[in-house]
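In this note's numbering, the protein residues as written are 1 to 250. Ideal Cβ positions, reconstructed from N, Cα and C, are used throughout, including at glycine. Below is one structure, written out as structure tokens; the observations come after it.
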Amino acid sequence: GPLSTIPMDVWMAGMPKFMVSVMHFLMGCMSVQPIELLASVEDYEAMLYLNLLFAVMARDAPYVMIGMAPTSLHVFQMMEQNREHLVRDVRAGAVTCPWVVAGLSAQQQKDASFAMCDLLSREEREARAKALEDEFSCGIIKIAPRIWPNLTVFSTAVGGPFGTYKEELQHYIGDTPICSSLYVASEGALGMARDLTSADYILCPRDCFFEFLDVSEHHEEPHKALLLADELIIGEEYEVVITNKRGFLR
Numbered sequence: 001g002p003l004s005t006i007p008m009d010v011w012m013a014g015m016p017k018f019m020v021s022v023m024h025f026l027m028g029c030m031s032v033q034p035i036e037l038l039a040s041v042e043d044y045e046a047m048l049y050l051n052l053l054f055a056v057m058a059r060d061a062p063y064v065m066i067g068m069a070p071t072s073l074h075v076f077q078m079m080e081q082n083r084e085h086l087v088r089d090v091r092a093g094a095v096t097c098p099w100v101v102a103g104l105s106a107q108q109q110k111d112a113s114f115a116m117c118d119l120l121s122r123e124e125r126e127a128r129a130k131a132l133e134d135e136f137s138c139g140i141i142k143i144a145p146r147i148w149p150n151l152t153v154f155s156t157a158v159g160g161p162f163g164t165y166k167e168e169l170q171h172y173i174g175d176t177p178i179c180s181s182l183y184v185a186s187e188g189a190l191g192m193a194r195d196l197t198s199a200d201y202i203l204c205p206r207d208c209f210f211e212f213l214d215v216s217e218h219h220e221e222p223h224k225a226l227l228l229a230d231e232l233i234i235g236e237e238y239e240v241v242i243t244n245k246r247g248f249l250r
């Protein structure tokens with residue numbers, strides 16, 4: 001999706017500097033991936049592969065989070081097409097996949113290898129590579145709960161038009177619950193899920209300013225008919241109009 005192709009520093013450009021630092025810190029604590037290294041990789045496909053490589057090394061991961069359903073499906077298809085490369089790279093503690101190497105600088109390759117060896121010892125990498133090899137040899141159906149046996153939730157946006165990807169994703173994740181925790185767009189975060197399994201969202205008024213246009217009426221001057229959230233009527237339909245912190249006006 002569009003958001004996942006935007007560098008993190010650009011996406012967070014509307015935040016105060018201290019909040020950007022906090023977000024980077026929290027992401028580093030919640031993730032096995034080396035965030036700064038991944039942010040420095042300009043080749044999008046190589047960046048996704050690195051994300052996937054570090055993810056498959058983490059056997060005990062309780063959750064997997066990928067921004068949007070199309071990207072999630074693309075990552076699993078990448079896993080299916082590069083199973084042998086992933087096993088080889090985990091075992092080697094280095095990136096050897098040719099098309100990924102082509103998208104990385106020499107320093108990025110060194111940094112990736114250092115991070116992999118820091119995450120798992122040689123013996124642990126060998127054991128993990130063997131486990132992945134065994135699971136991949138059994139096919140790709142329901143692969144997620146097989147390579148991550150402690151997986152309790154898969155987090156990705158499947159609301160709205162992304163709902164069409166849900167069935168395809170279940171080919172890879174099986175019965176693992178899908179949590180569509182955020183409703184986001186390139187323009188900003190629009191809503192947060194009401195609970196883990198809900199596709200109903202609560203507005204995020206700190207990220208965007210929301211206005212609403214009643215779709216049941218004709219408006220010659222729509223900007224004069226905009227309503228605020230406290231003026232809405234339950235059961236009516238409205239178009240959502242947003243203004244974000246980065247200069248996108250209505």
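Reduced DSSP secondary structure (H/G/I, E/B, other) of A193: It is a strand residue.
Looking only at its own chain, which residues have a Cβ that is under 8 Å from the Cβ of I194, when we skip the five neighbours before and after it? The displayed chain sequence assigns Arg, not Ile, to residue 194. So the qualifying residues of the chain are D200, Y201, I202.
D214 lies in the beta strand (DSSP E); which residues open and close that run? Segment 208 to 214, the beta strand (DSSP E) holding D214.
Taking L73 as the reference, which of K166, S181, L151 has the closest Cα? The shortest Cα separation from L73 among K166, S181, L151 belongs to K166.
Assuming contact is defined by CB atoms lying nearer than 8 Å, are G103 and D43 in contact in what I supplied? The Cβ atoms of G103 and D43 lie closer than 8 Å to each other.
Quick one: residues in its chain with C-beta nearer than 6 Å to the C-beta of V153, no 5 flanking neighbours on either side, listed in chain order? Taking V153 as the centre and dropping the five residues before and after it, the same chain places the C-beta of Y63, P177, C179 closer than 6 Å to its C-beta, in chain order.
Along the alpha helix (DSSP H) that carries L38, what are the first and last residues, could you check? Residues 35 to 40.
Determine, using beta carbons only, whether N51 and Q77 come nearer to each other than 8 Å. At a Cβ-Cβ threshold of 8 Å, N51 and Q77 do not count as neighbours.
What whole-angstrom Cβ distance do N244 and C208 have, given they're in contact under 8 Å? So it is a contact: roughly 5 Å between Cβ atoms.
Which residues mark the beginning and the end of the alpha helix (DSSP H) in which T96 is found? Taken as a continuous stretch (DSSP letters only), T96 belongs to no alpha helix (DSSP H), as it is neither H nor E.
For Y238, I'd like the list of residues in its chain whose CB is within less than 8 Å of its CB, leaving aside the five on either flank, ordered along the chain. Counting only Cβ-Cβ distances below 8 Å, and skipping sequence neighbours, we find F212, L213, D214, V215, L227, L232.
Under 8 Å Cβ to Cβ from I242, same chain only, skipping five residues before and after it: list those, please. The residues E187, G188, L190, C208, F209, F210, E211, F248, R250, in chain order, have a CB closer than 8 Å to that of I242 in the same chain once the five nearest residues on each side in sequence are set aside.
Answer with buried or exposed for Q298, where buried requires no fewer than 16 other C-beta atoms within 10 angstroms of its C-beta. This structure cannot speak to residue 298, because the chain is shown only from 1 to 250.
What do you reckon, are the CB atoms on A115 and L48 nearer than 8 Å? Result no, Cβ atoms of A115 and L48 do not sit closer than 8 Å.
Quick check on T71: does DSSP put it in helix, strand or coil? DSSP, read as helix, strand or coil, puts T71 in helix.
Where does S155 sit, in a helix, a strand or coil, going by DSSP? In this structure, S155 counts as strand in the three-state DSSP scheme.
Taking 7 Å as the line, does the beta carbon of D60 fall inside it for any heavy atom of the ligand GDP? Here there are no bound small molecules, and the ligand GDP is not part of this structure.
In its own chain, which residues sit with a C-beta less than 6 Å from the C-beta of I140, not counting the 5 before and 5 after it? Leaving aside the five residues that flank I140 on each side, the residues in its chain whose CB is nearer than 6 Å to its CB run, in chain order, E80.
Where E135 falls: helix, strand or coil (DSSP): Helix, per DSSP.
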